[in-house]
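Visitor:
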Amino acid sequence: MSRYTIDLASVWGLREMLLSGLLVTAELWILALALGLVGGLTVGLGRLSRRKVLAWPTSCVIEVFRGTPPLVQLFWFYYCLPILFDVRLSAVVTAVLSLGLFSSAYVGEIVRGGIQSVHKGQMQAARALGLSKLQALREVVIPQAVRRMWPPLMSQAVDVLKVTALASSITVPELMYQTYNATSRTFRFVEFYTVSALIYFAICLPLVLRLRRLEWRSGV
Amino acid sequence: MEFRPGVLWEYRVFLLQGMANTAWLALVAQALALVVAVPTAVARLRGGAVIRRLAGGYVEFVRGTPALTQLFWIFYCIPIFTGLDWSPLWGAIVALGLNLGAYDAEAFRAGIQSVHFGQVQAARALGLSAWSTFWAVVLPQATRFVLPALLNNFIGLLLYTSIASTIGVHELTYAGGKLNTATFQSVVVFSGVAGLYLVLSLIASASVRRLERVQARRD
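Here the protein sequences line up with chains A and B, keeping their order. According to this note's numbering, the stretch in the first sequence is residues 1 to 220, in order. According to this note's numbering, the stretch in the second sequence is residues 221 to 439, in order.
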């Protein structure tokens, strides 16, 4: 085995490439999370609904997106949307849609779990005090549910960040894609993959640490 | 564009081979994960300052970086350091196994902590060595406690084996990609592949639910 010499100058030389990738990663992450929150609230509440017309389709969406690999979902959106709907979407838009729906399914389950975790007596008590069903939901149930939803939502945010790396396989020029390109230009695999992993880790770390504090405080 | 669902049947052997490789990859990675997870969990709970930090660092780093980055790192960089010439399949097994190992270690840590300390005292009082106490008393109870979490992690892994296609492992997603380029039946092929994964994961999650029911009845 020959001694390997680390050459960080090659990484510094291509810093702009990595930086542009990081910006696309951030864009993907934020948009997919935003879509995931809106979509997740919709499918989560839909699945809780007593009406079968709402509960059935939303359950199906959740099961399909949770039961298939995000990579296959990306391929599906990338290759099939243009054929099925006769639209031309950029790779970035395709990835946002795909990852947004992926996170909707998981956020949906978090929303459902959060609302179900609030004791039934809370709703009954609020109703007995004369609040309407909507008021009871808004003033009593949801605030308690949201407090419990925070930790899983934050860990979901970390998961979505990690999943954005898969978008590189449908040519979205995000961090992983740029890292791969940089290695094929310089053959500096160790340096680039390590730096890229550290960048992802640095973004996750504050969230993870905050999550620890939340979990510790709620005694989970 | 004409849809020909028949291509799935025509290439069934090819797809089933991919599915078999997916299952095999997941099972071997799971075995590796268990081998890594239990010592890591013990190290985090009972190790000295340095060992504890190392184990904690491994778990946090794996959980804080994308599995795809880990896969590329391991597949491309390990041969540079060791001179080892390995196949994509082994690269994927090691990467996915170490990834799952970190998640399973967290589960085991919670599981081991859930075993009442009185159990250890009782076992020691009966003359069992520290090793047999752990192996015969603590670990079985901990495993029973964490089994649902382990199975959920396994389902996650089963879906994540798809990333092995990016380094050229002939698993289900890779087979789908090849079939797509050969037939141009994107909708049929990718829906079919997604359907096969869905079947695998629904079977797995149904067995988790069943296990949870059986355990609940026993408790």
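No residue lacks a Cβ here, since even glycine has one placed at the ideal position from N, Cα and C.
With a 10 Å radius around its C-beta and 16 neighbouring C-beta atoms as the bar for buried, classify T401(B) as buried or exposed.
Guide: That one is exposed.
Visitor: Taking the runs of the alpha helix (DSSP H) that are 4 residues or longer, which of them lie wholly in the stretch 26-83 of chain A?
Guide: Entirely contained in the stretch 26-83 of chain A, the alpha helix (DSSP H) runs reaching 4 residues are, in chain order, 52-66.
Visitor: Can you list the residues of chain B that P69(A) reaches, using a CB-CB cut of under 7 Å?
Guide: Neighbours of P69(A) on chain B, chain order: L379, Y380, S382, T393 and Y417.
Visitor: Counting only Cβ pairs nearer than 7 Å, list the residues of chain B close to V190(A).
Guide: The contacting residues are C297 and I300.
Visitor: Start and end of the alpha helix (DSSP H) containing W306(B)?
Guide: Premise fails: W306(B) is in no alpha helix (DSSP H) and is neither H nor E.
Visitor: Beta-carbon separation of I423(B) and F295(B) under 8 Å?
Guide: Against a cut-off of 8 Å, the Cβ pair of F295(B) and I423(B) comes out as no contact.
Visitor: Under 8 Å between beta-carbons, which chain A residues line up against T401(B)? List them in chain order, please.
Guide: Chain A residues near T401(B): none, gap ~10 Å exceeds 8 Å.
Visitor: Given this structure, state the Cα-to-Cα distance separating L161(A) from V233(B), to the nearest angstrom.
Guide: Spanning the two alpha carbons is a distance of roughly 36 Å.
Visitor: DSSP state of T164(A), grouped into three classes?
Guide: In this structure, T164(A) counts as helix in the three-state DSSP scheme.
Visitor: Would you report the Cα separation of S20(A) and L399(B), rounded to the nearest angstrom?
Guide: Using only the alpha carbons, I get a separation of about 33 Å.
Visitor: Comparing alpha-carbon positions, which option in A384(B), Y231(B) and V255(B) lies nearest S307(B)?
Guide: Nearest C-alpha to S307(B): A384(B).
Visitor: Cβ of K162(A) less than 8 Å from any chain B Cβ?
Guide: For K162(A), the answer is yes, since a Cβ of chain B falls inside 8 Å of its Cβ.
Visitor: My assumption, with CB atoms under 8 Å, is that G39(A) sits in contact with S98(A). Please give the rounded CB distance.
Guide: Rounded, the Cβ-Cβ distance is 12 Å, inconsistent with contact.
Visitor: Does the stretch 315-334 of chain B come close enough to the stretch 203-215 of chain A that 3 or more CB-CB pairs lie under 8 Å?
Guide: Counting Cβ pairs under 8 Å, fewer than three are found: no touch.
Visitor: I'd like the span of the alpha helix (DSSP H) that includes Q124(A), first residue to last.
Guide: K120 to A128 is the extent of the alpha helix (DSSP H) around Q124(A).
Visitor: Between L84(A) and chain B, is any beta-carbon pair separated by less than 8 Å?
Guide: Yes - at least one Cβ of chain B is within 8 Å of the one on L84(A).
Visitor: Please state if the CB of S196(A) and the CB of L166(A) are separated by a distance shorter than 8 Å.
Guide: Contact: no.
Visitor: Tell me where the alpha helix (DSSP H) around S411(B) begins and ends.
Guide: Unbroken alpha helix (DSSP H) run through S411(B): S406 to R438.
Visitor: Does the distance from the C-beta atom of L252(B) to that of I332(B) stay below 8 Å?
Guide: Result no, Cβ atoms of L252(B) and I332(B) do not sit closer than 8 Å.
Visitor: With V132(A) as the anchor, note down where its alpha helix (DSSP H) starts and where it stops.
Guide: The question names Val, but residue 132(A) is Ser in the sequence shown. From DSSP, S132(A) is part of no alpha helix (DSSP H); its letter is neither H nor E.
Visitor: Spatial neighbours of G396(B) within its chain, please: C-beta separation below 7 Å, excluding the five flanking residues on both sides.
Guide: Counting only Cβ-Cβ distances below 7 Å, and skipping sequence neighbours, we find V409, F410 and V413.
Visitor: Could you tell me how far apart the beta carbons of L377(B) and A246(B) are, in whole angstroms, since I believe they sit closer than 8 Å?
Guide: Going by Cβ atoms, the distance from L377(B) to A246(B) rounds to 6 Å, so yes, they are a contact pair.
Visitor: So which of T68(A), V43(A) and P69(A) has the shortest CA-CA distance to P57(A)?
Guide: Nearest option by C-alpha distance: V43(A).
Visitor: Can you tell me where the alpha helix (DSSP H) holding G397(B) begins and where it ends?
Guide: Here the alpha helix (DSSP H) through G397(B) covers L392 to T403.
Visitor: Could you tell me whether any Cβ in chain B is nearer than 8 Å to the Cβ of L166(A)?
Guide: It does: the Cβ of L166(A) has a partner Cβ on chain B nearer than 8 Å.
Visitor: Between L28(A) and the rest of its own chain, which residues show a CB-CB distance below 8 Å, the 5 nearest in sequence each way excluded?
Guide: Answer for L28(A): V92, A95, V96, L99, T164, A167, V172 and E174, listed in chain order.
Visitor: Is there at least one Cβ from chain A nearer than 8 Å to S334(B)'s Cβ?
Guide: Not an interface residue.
Visitor: Quick check on Y4(A): does DSSP put it in helix, strand or coil?
Guide: Coil, per DSSP.
Visitor: Quick one: grab the DSSP three-state call for E326(B).
Guide: If DSSP states are grouped into helix, strand and coil, E326(B) belongs with the helices.
Visitor: Smallest Cα separation from L41(A): which of I30(A), Y106(A), F77(A) and L71(A)?
Guide: With distances taken between Cα atoms, L41(A) lies closest to Y106(A).
Visitor: Which residues of chain B have a Cβ atom closer than 8 Å to the Cβ of T5(A), listed in chain order?
Guide: The premise fails here: T5(A) is roughly 11 Å from chain B at the closest Cβ pair, so nothing lies under 8 Å.
Visitor: How is Y231(B) classed by DSSP in three states: helix, strand or coil?
Guide: In this structure, Y231(B) counts as coil in the three-state DSSP scheme.
Visitor: Do we get a CB-CB distance below 8 Å when we pair V279(B) with the residues of chain A?
Guide: Answer no: the Cβ-Cβ gap between V279(B) and chain A never drops below 8 Å.
Visitor: Distance, Cα to Cα, L320(B) vs N372(B)?
Guide: Rounded to the nearest angstrom, the two C-alpha atoms are 11 Å apart.
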